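The sequence shown: position 163 = 163 (UniProt numbering), numbered continuously. Don't be surprised by glycine CBs; every beta carbon is placed ideally from N, CA and C. Here the structure is a predicted model, which means the values were calculated and not measured. Before any comments, here is the structure.
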Amino acid sequence: MGLAQTQEVLAQLYTNTDLRERFFANPETVGAELGLSCDEAQKLAQLSAKEVNIFANSLKWKRLGEVRQLLPRTARALGKNFTALFWRYAQTHVPKGIKKHKEDAIAFANFIFKVAQEENLDPFWISDLVRYEKTWLLAYEPTSRLIVCWFGYPVGIASAEGMKRQPTIAIWFRFSKRLQLRHIVRSL
């Protein structure tokens, strides 16, 4: 097994909990699914499952910290639920690409939005808030010129205490790639 294949298999084991559990329960069978020979699977199975799990969890904690920085208002509003939701999300999604922290935050925002709709997540206005922060991330792309979003709650205010239903429009714009992103929020 070459270095690139070893790194690919280890990356999958570190980021996919189900695969990791299946691999350590039955290394030859799961190793074959991953394109490993019987000997290669046995060598990888000699890794300590406990240490692999510890490292995998440290990667998730790092991802959580990055996402928390990119969705700060959502993290504050959800409190401990933010972490619990992130663990659920991280079981099924592994970011890829060069802007993986931002893409991870956007995908997690989509996950929160879906969960909020399906499970009536508290606070009741969290769907609007997570859409607002996700739109900020999308608006920062240099190719983004104009984004207009309507919200049912005044999500642009500094504090979410006593949030009452109030139609709100948010506009992000820039006149060229080189100019600073501008932002306007108005409650109607």
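Endpoints, beta strand (DSSP E) assigned at residue i
{"i": "W136", "result": "Unbroken run through W136 is the alpha helix (DSSP H), 126–139; no beta strand (DSSP E)."}
Start-to-end residues for the alpha helix (DSSP H) that takes in residue i
{"i": "T6", "result": "3–15"}
{"i": "S58", "result": "49–70"}
{"i": "D122", "result": "Taken as a continuous stretch (DSSP letters only), D122 belongs to no alpha helix (DSSP H), as it is neither H nor E."}
{"i": "F86", "result": "80–90"}
{"i": "G31", "result": "27–33"}
{"i": "Q42", "result": "38–45"}
From the options, residue whose alpha carbon lies closest to that of residue i
{"i": "W125", "options": "I112, I171, L137", "result": "I112"}
{"i": "T168", "options": "W150, R174, G31, K100", "result": "W150"}
{"i": "S144", "options": "R182, I98, R131", "result": "R182"}
{"i": "D104", "options": "A90, A116, D128", "result": "A90"}
{"i": "I106", "options": "D39, S176, R131, A49", "result": "R131"}
{"i": "A77", "options": "M163, F55, S187", "result": "M163"}
{"i": "K177", "options": "L188, V155, P142", "result": "P142"}
Bridge partners - residue i, DSSP secondary structure assignment
{"i": "I169", "result": "W150, R186"}
Sequence-distant residues of its chain with Cβ nearer than 6 Å to residue i (five each side left out)
{"i": "R20", "result": "L13"}
{"i": "S127", "result": "F113, A116"}
{"i": "N53", "result": "none"}
Integer-rounded CB distance, given that residue j should sit under 8 Å from residue i
{"i": "L59", "j": "T15", "result": "7 Å"}
{"i": "R73", "j": "E133", "result": "6 Å"}
{"i": "V67", "j": "F23", "result": "Contact doesn't hold; Cβ gap of about 27 Å is too wide."}
{"i": "L70", "j": "T83", "result": "Not really, about 15 Å apart at Cβ, beyond 8 Å."}
{"i": "L138", "j": "I147", "result": "7 Å"}
{"i": "K174", "j": "Q166", "result": "The amino acid at residue 174 is misidentified as Lys; the sequence shows Arg. With a Cβ gap of about 27 Å, R174 and Q166 do not count as contacting."}
Spatial neighbours of residue i in its chain, beta-carbon cut-off 7 Å, leaving aside the 5 residues before and after
{"i": "V115", "result": "L85, L121"}
{"i": "Q42", "result": "P27"}
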